[in-house]
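What follows is a set of notes on a single structure, which appears directly below.
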Amino acid sequence: MRILAAMSGGVDSAVAAARAVEAGHDVVGVHLALSRAGGTLRTGSRGCCTIEDALDARRAADVLGIPFYVWDFSERFRDDVIADFVSEYQAGRTPNPCMRCNEKIKFAALLERALELGFDAVCTGHYATLVPTAVGLELHRAADNAKDQSYVLGVLTAEQLAHTYFPLGTTPSKAVVRAEAERRGLSVAQKPDSHDICFIPDGDTRGWLAEKVGTATGDIVDRSGAVVGSHEGAHAFTVGQRRGLKLGVPAADGKPRFVLEVRPVSNTVVVGPKEALAIGEISGERFSWAGAPPAESAFSCDVQIRAHAEPVAAQAFVTSDGVRVVPDAPLDGVAPGQTAVLYVGTRVLGQFTIDRTVSAVPVDA
Numbered sequence: 007m008r009i010l011a012a013m014s015g016g017v018d019s020a021v022a023a024a025r026a027v028e029a030g031h032d033v034v035g036v037h038l039a040l041s042r043a044g045g046t047l048r049t050g051s052r053g054c055c056t057i058e059d060a061l062d063a064r065r066a067a068d069v070l071g072i073p074f075y076v077w078d079f080s081e082r083f084r085d086d087v088i089a090d091f092v093s094e095y096q097a098g099r100t101p102n103p104c105m106r107c108n109e110k111i112k113f114a115a116l117l118e119r120a121l122e123l124g125f126d127a128v129c130t131g132h133y134a135t136l137v138p139t140a141v142g143l144e145l146h147r148a149a150d151n152a153k154d155q156s157y158v159l160g161v162l163t164a165e166q167l168a169h170t171y172f173p174l175g176t177t178p179s180k181a182v183v184r185a186e187a188e189r190r191g192l193s194v195a196q197k198p199d200s201h202d203i204c205f206i207p208d209g210d211t212r213g214w215l216a217e218k219v220g221t222a223t224g225d226i227v228d229r230s231g232a233v234v235g236s237h238e239g240a241h242a243f244t245v246g247q248r249r250g251l252k253l254g255v256p257a258a259d260g261k262p263r264f265v266l267e268v269r270p271v272s273n274t275v276v277v278g279p280k281e282a283l284a285i286g287e288i289s290g291e292r293f294s295w296a297g298a299p300p301a302e303s304a305f306s307c308d309v310q311i312r313a314h315a316e317p318v319a320a321q322a323f324v325t326s327d328g329v330r331v332v333p334d335a336p337l338d339g340v341a342p343g344q345t346a347v348l349y350v351g352t353r354v355l356g357q358f359t360i361d362r363t364v365s366a367v368p369v370d371a
């Protein structure tokens, strides 16, 4: 196949490209420039799209002997990922920019251009596996559960899966990948993994958002509506947050309180006891299926609400209004804007963005 290898500058994508070359494919490497801040450099292991990363990707491509290009996707990234991140926070939701980047950039904009240029597939260093079936490819968890990235790939459609290539999916551990990189002479063999939000390299999400949307004083209230504190912007809070609340009125039982809800219209933050974070039902309108859709409108599955959360057994219901999921045991700290990925065994069935949650604990409990 003609393979376009997306090379982030990390060890995973470098080894994935190397395996594609070794498998006999015609491989071209590409690094996506997602920021126009030319002086940006990696800070520790924060970020993944810096000048340093582009240089690391180029060096890896040179070792592999493949053509290499840098494509400027900064405008698409700004419009589809950063702007979405800001607007979701302004709407009181908790977005996942990595999901949007996979959906809008790596497997939409990049794949679209790759197909236009005659490539058969895009290769990435994600830890996930593709299983061929009579009706097309299925997306499954990786062999190494600790590194499994199938959750953030849950946004891929059947058409996109047909043009993807994940060489690392069956690798037993990250240590194997690093050892292979050493053998191949790749300088990124021991490079730390990136983490946090790439466009907020210092990790200060609250400060970054304050610069983008400003501050506005509002109330912090308990579940009864009583004012227990104040804040300078509801966008700075996320469901499940405990620290930084600065409440002026202590709880009657003396226990810590957590953010239960963010109401952007009234600029209000609702807090309450930890047990009130338990969610008994979630639903969403924006959904997609990773391969063939479920045969029935009601089915058993596992639901996962964060990249490294434990899956929870659940019942799912597909209606004209979207997808509704009732977990067998309450979910903890779920926020609108998060992505719920549905699994059947190791297979990713599909995903939806959570628009609505129903507490498992009554207000007067």
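Reading the sequence shown from the start, the letters are residues 7 to 371 in our numbering.
Ideal placement from N, C-alpha and C gives every residue a C-beta, glycine not left out.
May I ask which residues mark the beginning and end of the beta strand (DSSP E) holding residue i?
i: Val268; result: 264-269
i: Arg362; result: 362-365
i: Val309; result: 304-310
i: Ser289; result: 284-290
i: Phe293; result: 293-295
i: Ala97; result: From DSSP, Ala97 is part of no beta strand (DSSP E); its letter is neither H nor E.
Counting C-beta neighbours from all protein chains within 10 Å, is the total for residue i 16 or more, i.e. buried, or is it exposed?
i: Gly30; result: exposed
i: Thr100; result: buried
i: Asn102; result: buried
i: Gly45; result: Annotation note: pLDDT 45 at Gly45 (below 50); position unreliable, coordinate value reported separately. Exposed.
i: Ala319; result: exposed
i: Pro207; result: buried
i: Arg106; result: buried
i: Ser200; result: buried
i: Asp86; result: buried
i: Tyr349; result: buried
i: Leu145; result: buried
i: Arg25; result: buried
Measuring straight from C-alpha to C-alpha, what distance separates residue i and residue j?
i: Gly351; j: Ile288; result: 20 Å
i: Glu81; j: Ser41; result: 8 Å
i: Tyr157; j: Lys112; result: 15 Å
i: Met7; j: Leu215; result: 43 Å
i: Pro198; j: Asp32; result: 29 Å
i: Pro256; j: Tyr95; result: 27 Å
i: Ser365; j: Gln344; result: 16 Å
i: Val354; j: Ser294; result: 11 Å
i: Val276; j: Gly297; result: 39 Å
i: Lys110; j: Val234; result: 40 Å
i: Val137; j: Leu143; result: 5 Å
i: Asp59; j: Val324; result: 42 Å
i: Lys252; j: His237; result: 8 Å
i: Ser51; j: Ile203; result: Note that Ser51 scores 45 on pLDDT, short of 50, meaning its location in the model is unreliable; the coordinates nonetheless yield the value given after this. Cα-Cα distance, rounded: 11 Å.
i: Gln357; j: Val141; result: 19 Å
i: Pro333; j: Glu291; result: 18 Å
i: Gly160; j: Ala258; result: 42 Å
i: Ala39; j: Arg84; result: 11 Å
i: Gly175; j: Arg269; result: 40 Å
Which residues mark the beginning and the end of the alpha helix (DSSP H) in which residue i is found?
i: Phe83; result: 80-83
i: Ile57; result: 57-70
i: Val141; result: Taken as a continuous stretch (DSSP letters only), Val141 belongs to no alpha helix (DSSP H), as it is neither H nor E.
i: Ala120; result: 116-122
Answer with yes or no whether the minimum CB distance from residue i to chain D is below 7 Å.
i: Gly15; result: Protein chain content of the structure displayed is limited to a single chain, and chain D is not contained in it.
Is it the case that the region 300-307 contacts the region 220-239, given that we only count it when at least three CB pairs across the two stretches are under 8 Å? no
Tell me, please, whether the region 191-198 touches the region 9-18 by the rule of three or more beta-carbon pairs shorter than 8 Å. yes
Quick one: any contact between the region 241-255 and the region 277-292, if contact means 3 or more CB pairs under 8 Å? yes
Inside the region 7-48 only - beta strand (DSSP E) runs reaching at least 3 residues: 8-12, 32-39
Spell out a yes or no on whether the region 260-267 and the region 87-94 are touching, meaning 3 or more CB-CB pairs, one atom from each, closer than 8 Å. no
For the structure I just gave you, are there three or more beta carbon pairs, one from the region 120-139 and one from the region 325-343, closer than 8 Å? no
Please specify which runs of the beta strand (DSSP E), each continuous and at least 3 residues long, are wholly inside the region 315-357, giving them in chain order. 318-325, 328-333, 345-350
For the structure I just gave you, are there three or more beta carbon pairs, one from the region 165-174 and one from the region 103-121, closer than 8 Å? yes
Contact between the region 139-152 and the region 177-185 is defined here as three or more beta-carbon pairs at a separation below 8 Å; is this criterion met? yes
Please go through the region 205-282 and give each complete alpha helix (DSSP H) segment of 4 or more residues, from N-terminal end onward. 211-219
Uninterrupted alpha helix (DSSP H) stretches inside the region 172-208 (no shorter than 4 residues): 180-189
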